[in-house]
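For the record, in the sequence shown the residue sitting at position 89 is 95 according to the working numbering, with numbers rising by one throughout.
Note that CB positions come from ideal geometry on N, CA and C, so glycine has one too.
Working notes for the structure below.
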Amino acid sequence: MKYKSVKYYIGRLISDGQKWQNMNINGKEVKPICYFSKIQFILIFISISMVFFVTKNGFNKDFIGYIIASLSIFIGLFLTLVLTIFDKFQKINFEQINLSDKDKIILIQRKNFFKQFTALTSYSILLSTLCIFLLSLSLLMDILKVNIYNFKIIKSIEDINCKNFLNGVGLFFIVVYRISVLYFLLDFFLMILYVLSSIYTYITLEFDRKKIS
């Protein structure tokens, strides 16, 4: 697959992943005011707070090892689920004729569930892969383990020089790196909740349709 194709499909995956977070199985979408939803802004705030109060020394090897191992398991599990759900989708006949309005709504809800589940699960796999890559960088680059409070704040213009400027740039990238890792990890767990909610909603609707005579 060519780079342009990979770039296109990853972009589409991100777009669908964001869209289906704000859409139910009836196809009704509630778009957030900004790109991020309210809960994602909360996750960003939590990530920033954790960088300055919890992970000021970076991520230790044990933490990285456990997270990478867990994410790898999730990737394998989610890939299996996506393939399984697609197989179930293929067995449903969506080209039936002379359907009542109620039956059409049921088919639309089923199709939307499959689309939502696939989009959110695939998006979770992408987040997992990104987190594994970012955490691996921390194992390879010792500078990412630096205590951010070891950097001193410049108190006068006279202290500004090339070395201090580079230290400031380094501190900025270290902070952004750690915030990104924590946010993507929290967002991954948020996606799991979305997937569980999607499954629960669909199964509950199917249960409610079964009437006891």
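- Excluding sequence positions up to five before and after S186, its CB lies within less than 7 Å of the CB of L140, all in the same chain and listed in chain order.
- Nearest to S53 by C-alpha distance, out of F179, F190, K13, is F190.
- Where D68 is concerned, the enclosing alpha helix (DSSP H) starts and stops at 67-96.
- Shown here, E212 sits in a helix according to DSSP, grouped into three states.
- Between N32 and the set K216, L211, R215, K217, the nearest pair of CA atoms involves L211.
- Spanning the alpha carbons of F95 and K117 requires a straight line of approximately 8 Å.
- Residue Y15 holds the alpha-carbon nearest to the alpha-carbon of L132 among R184, F213, Y15.
- Under the three-state reduction of DSSP, M29 is assigned to strand.
- If you look at Y129, you'll find it in the alpha helix (DSSP H) that goes 107-146.
- Here E35 is bridged, per DSSP, to M29.
- If you check the CB distance, T124 and I91 come in under 8 Å.
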